[in-house]
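**Q**
There are 2 protein chains.
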Amino acid sequence: MKKYQLMAPGPTPVPSEVLLAMARPMIHHRTPAYDALFREIRAGLKRLVQTIQDVLTPACTGTGAMEAAVTNTLSAGDSVIVVNAGAFAQRWLAIAKAFGLKVVELEAPHGDTVAPERIAQALKANPSVRAVLVQHSESSTGVLHDVRAYAQVTRATDAILVVDAVSSLGIAELPMDAWGVDVVVSASQKGLMLPPGLGLLALSDKAWAAAKRSTLPKFYLDLTEERKYAEKNEARFTPAVSIMVGLREVLRMIDAEGLPNVFRRHTRLSRATRAGAEALGLELFPKTTPSPALTAVLAPRGVDADRVVEAFAASHDITIDGGRGPTKGKIFRIGHMGYATETDVVIALSALEQVLAELGVPVDFGAGIRGAQKVFAERS
Amino acid sequence: MKKYQLMAPGPTPVPSEVLLAMARPMIHHRTPAYDALFREIRAGLKRLVQTIQDVLTPACTGTGAMEAAVTNTLSAGDSVIVVNAGAFAQRWLAIAKAFGLKVVELEAPHGDTVAPERIAQALKANPSVRAVLVQHSESSTGVLHDVRAYAQVTRATDAILVVDAVSSLGIAELPMDAWGVDVVVSASQKGLMLPPGLGLLALSDKAWAAAKRSTLPKFYLDLTEERKYAEKNEARFTPAVSIMVGLREVLRMIDAEGLPNVFRRHTRLSRATRAGAEALGLELFPKTTPSPALTAVLAPRGVDADRVVEAFAASHDITIDGGRGPTKGKIFRIGHMGYATETDVVIALSALEQVLAELGVPVDFGAGIRGAQKVFAERS
Chain A
0 MKKYQLMAPG PTPVPSEVLL AMARPMIHHR TPAYDALFRE IRAGLKRLVQ TIQDVLTPAC
60 TGTGAMEAAV TNTLSAGDSV IVVNAGAFAQ RWLAIAKAFG LKVVELEAPH GDTVAPERIA
120 QALKANPSVR AVLVQHSESS TGVLHDVRAY AQVTRATDAI LVVDAVSSLG IAELPMDAWG
180 VDVVVSASQK GLMLPPGLGL LALSDKAWAA AKRSTLPKFY LDLTEERKYA EKNEARFTPA
240 VSIMVGLREV LRMIDAEGLP NVFRRHTRLS RATRAGAEAL GLELFPKTTP SPALTAVLAP
300 RGVDADRVVE AFAASHDITI DGGRGPTKGK IFRIGHMGYA TETDVVIALS ALEQVLAELG
360 VPVDFGAGIR GAQKVFAERS
Chain B
0 MKKYQLMAPG PTPVPSEVLL AMARPMIHHR TPAYDALFRE IRAGLKRLVQ TIQDVLTPAC
60 TGTGAMEAAV TNTLSAGDSV IVVNAGAFAQ RWLAIAKAFG LKVVELEAPH GDTVAPERIA
120 QALKANPSVR AVLVQHSESS TGVLHDVRAY AQVTRATDAI LVVDAVSSLG IAELPMDAWG
180 VDVVVSASQK GLMLPPGLGL LALSDKAWAA AKRSTLPKFY LDLTEERKYA EKNEARFTPA
240 VSIMVGLREV LRMIDAEGLP NVFRRHTRLS RATRAGAEAL GLELFPKTTP SPALTAVLAP
300 RGVDADRVVE AFAASHDITI DGGRGPTKGK IFRIGHMGYA TETDVVIALS ALEQVLAELG
360 VPVDFGAGIR GAQKVFAERS
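Here the protein sequences come in this chain order: A and B.
Just so you know, we're using numbering that gives the first Met the number 0 here: the first sequence kicks off at 0 and counts up by one.
Just so you know, we're using numbering that gives the first Met the number 0 here: the second sequence kicks off at 0 and counts up by one.
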């Protein structure tokens, strides 16, 4: 017998309590039961996103929510800046291309980040830029971009800051209103510990003003319409009811733990995983601030990282993930976001030690776990 | 204690077996387990839609799938015919407007249908029309439109026939390839007995040829891209994993019952519900072929139909639905689609008798149920 462990950088495990809540009989979305559910969710999401704005919940995955952020605030021919330092930036680029936007690309090598000063310069050099599209946590590289500093730059301009927070919401501090982020884009299957299928979007007043000017065609993901219904606590179309039912449970769990504690937990798990990997002599991939959502590790010299991923699955029934694009075969990525605790880090590091040994890498068994335990032993 | 009964024309109840399958631990979508699941689903959906084409499964609800049918086969400025005889036709109109299509509207009063000859004439009069957008089952009126005859008309032209089968797939016979339907659009929460959040789309060769010419912008719901991945049995983006897990169970249930038997069951439930309503002296709303998915009934003279809906909820904890737009307050609608059996019809009619009496309508208790029982007693 092996216990299956989902430790990919998303989708992430769903707590049994949430799965069982979602397994309750289906309810209709125009009933008092759903009204109460939606009201509670709307209030909870405002606390989670730390905003006074309604957080919209269209039935789509993160990519749909990213597309909605673009199609609702921009028009064909508009110029945008894309901060490109990983695979999910490629998705911004693909969306921008599909909808006829002009792109000023600010590149950094995978594993690195783009300094806020470069954004400031690019905005100065391209005053027609209407939006800056970035990732907060770039889960393909394991890097956390400095969205707070980016927002300080965009706040002083007419451009809006659109943040892909798919793998940071409920994981890393991102107080939307306090920092001045204009669009927070997220999804259900990472920090929110839910099945994929629900998008999350919050827009600042500045972004809603941009939405008024936007002429890109949209209907299903028309956020202006969606908001009108949400403000009446009504669903515009049939919502993803079962995921909404799960979302209420998740928001209660997050409230019970306390949002600052949720962030602290992720930081600890992340630090412990990194300490464990380094104690095994491995090199971390990020050259800058690591994301607390996942740990990206360079495979040891001579080892194909995809073999590490395969051995996690074959020998331990653990799903982790490999690199994408330029990092394929070079890095492996261990998720510790959402429904993740110290026990998961111990499991992951124990498996890592065994996998490395299996692949012929000399390993001091227990060294990685010891590295993590030292972090856990610190006063929290 | 009351047992909650979801008898709306969607969302519909999800079988406990399916809910519990969906409550199993989350799996990753790039694993052998998901590969096997997706392969089984793709084969099962081809049997369900009766097509050789891949049936695509984007993470969205029915409206998203309707939008995708339009944005993937048409271009701004294209002319389309919309068969407008109910509230869901309004959705085709809204989508057409949002994406800059020219619309030739063929109207019929709610409760009625548009004869295929009118479509033939309109196509002759407007040879530039590229698509005919229709509902199969119009759940706002309880009417089943004659898609088979519509397809005979469109097959002889260059226009594609796009069918909203949201409340007919797995309910009413709709053999896509045999009839020559070009786009079948559906969703998870009606005949497929699943939570909302999954769209279904199948395109004929003629529709795929139209897709090649289509210039409307799209990314998240780009079906040409989606198909490339599906053909490799891969997910383009993170799929709605939990609903996909449920879908496998549902397809197994449908296979076990046999698709012809599934259609026969819906026809029987529909006939029995109509017989019951008529035995109570009520008038049915459809002036033409009724949909087997639901029964739309005119409220007795002097009774607001919305009071009937409210009394179903208040006195019996049963969710049915009222009219929309021009039929609001005039009709109530009882769903019997998907996970619905004779026992549900008995429950609905018993409650209907009690509700009518509660609202002051003279009722011969048992007469409605007797009407249904006579249908059930026929040799099936």
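Backbone N, C-alpha and C fix where the C-beta goes; we use that ideal spot for every residue, glycine too.
Predicted model only: the values in this text are computed from it and were never measured.
Straight-line CA distance for B:A239 to B:G280?
**A** Spanning the two alpha carbons is a distance of roughly 45 Å.
**Q** Tell me whether A:Q188 is buried or exposed, calling it buried when 16 or more other Cβ atoms sit within 10 Å of its Cβ.
**A** buried
**Q** What distance in whole Å lies between the Cβ atoms of B:A7 and B:I319, which are believed to be in contact at a cut-off of 8 Å?
**A** 6 Å
**Q** Contact criterion: CB-CB distance below 8 Å. Does A:S74 meet it with respect to chain B?
**A** no
**Q** Taking B:Q188 as the query, report the chain A residues whose CB atoms sit under 7 Å from its CB, ordered along the chain.
**A** Within chain A, the residues near B:Q188 are T237.
**Q** Quick check on the DSSP output: what are the complete beta strand (DSSP E) runs of length 3 or more inside the region 299-354 of chain B, in order along the chain?
**A** Runs found: 330-334.
**Q** Whose C-beta lies closer than 8 Å to the C-beta of B:E256 among residues of the same chain, with five residues either side of it excluded?
**A** R264
**Q** Considering only the alpha carbon of each residue, which of B:M336, B:V374, B:W178 lies closest to B:S136?
**A** B:M336
**Q** What is the DSSP secondary structure of B:V13, reduced to helix, strand or coil?
**A** coil
**Q** Is A:L283 close to the ligand ATP? I mean its beta-carbon at under 7 Å from any heavy atom of the ligand.
**A** By its list of ligands, the structure shown contains no ligand whatsoever, and the ligand ATP lies outside what it can speak to.
**Q** CA-CA distance, A:V374 and A:Q49?
**A** A:V374 and A:Q49 have their C-alpha atoms roughly 29 Å apart.
**Q** Comparing C-alpha positions only, which one of B:P291, B:T237, B:V17, B:K1 sits nearest to B:L193?
**A** B:V17
**Q** So A:E116 and A:I94 are supposed to be a Cβ contact under 8 Å. How far apart are they, rounded?
**A** Contact flag wrong, Cβ pair sits at about 26 Å.
**Q** Would you mind working out which of A:L92, A:L268, A:Y219 sits nearest A:E106, comparing C-alpha positions?
**A** A:L92
**Q** How is B:G63 classed by DSSP in three states: helix, strand or coil?
**A** helix
**Q** Any Cβ of chain B within less than 8 Å of the Cβ of A:I330?
**A** no
**Q** Taking only three categories from DSSP, how would you classify B:R235?
**A** B:R235 falls in the coil class under three-state DSSP.
**Q** Are B:I330 and B:L297 closer than 8 Å when you measure CB to CB?
**A** In this structure, B:L297 lies closer than 8 Å to B:I330 by Cβ.
**Q** What does B:L18 reach in chain A if we use C-beta pairs closer than 7 Å?
**A** A22
**Q** Between A:K286 and B:L215, what straight-line distance do the alpha-carbon atoms span, to the nearest angstrom?
**A** 41 Å
**Q** Going by the DSSP bridge assignment, what does A:G380 pair with across the sheet?
**A** A query on residue 380 of chain A cannot be resolved here, the shown segment of chain A reaching from 0 to 379 and no further.
**Q** Rounded to whole angstroms, what's the CA-CA distance from B:S167 to B:D77? Just pull it up for me.
**A** 27 Å
**Q** Taking Cβ to Cβ, would you say A:G198 is nearer than 8 Å to A:A186?
**A** It is a contact, given that the beta carbons lie within the stated cut-off.
**Q** Report the rounded CA-to-CA distance for B:R235 versus B:T30, giving the unit in angstroms.
**A** 14 Å
**Q** Looking only at C-alpha atoms, which of B:V302, B:D303, B:S269, B:V183 sits nearest to B:I51?
**A** B:V183
**Q** In terms of alpha-carbon separation, which member of A:A295, A:S127, A:D53, A:L173 lies closest to A:Q134?
**A** A:L173
**Q** Name, in chain order, the residues that DSSP records as bridge partners for B:Q134.
**A** For B:Q134, which the question treats as bridged, DSSP gives the partners B:D163.
**Q** Would you mind reading off the limits of the beta strand (DSSP E) that contains B:N83?
**A** 78-83
**Q** Does A:F311 come within less than 8 Å of chain B when only Cβ atoms are used?
**A** no
**Q** What residue from A:A347, A:D305, A:P299 has the CA that sits closest to A:I317's CA?
**A** A:A347
**Q** Which stretch, first to last residue, makes up the beta strand (DSSP E) that contains B:G198?
**A** 198-202
**Q** Which residues in the same chain as B:F37 place their Cβ atom closer than 6 Å to its Cβ, once the five residues preceding and following it in sequence are excluded?
**A** Residues of the same chain with a CB within less than 6 Å of the CB of B:F37, apart from the 5 flanking positions on each side, are N232 in chain order.
**Q** Start and end of the alpha helix (DSSP H) containing A:E224?
**A** Judged by DSSP secondary structure, A:E224 falls within the alpha helix (DSSP H) whose first and last residues are 222-230.
**Q** Assuming A:T294 is part of the beta strand (DSSP E), what are its boundary residues?
**A** For A:T294, the enclosing beta strand (DSSP E) begins and ends at 293-297.
**Q** Using a Cβ-Cβ cutoff of less than 6 Å, which residues in the same chain neighbour A:V146 once the five nearest sequence positions on both sides are dropped?
**A** H135, V162
**Q** Please report the distance separating the alpha-carbon of B:Q151 from that of B:V113.
**A** 14 Å
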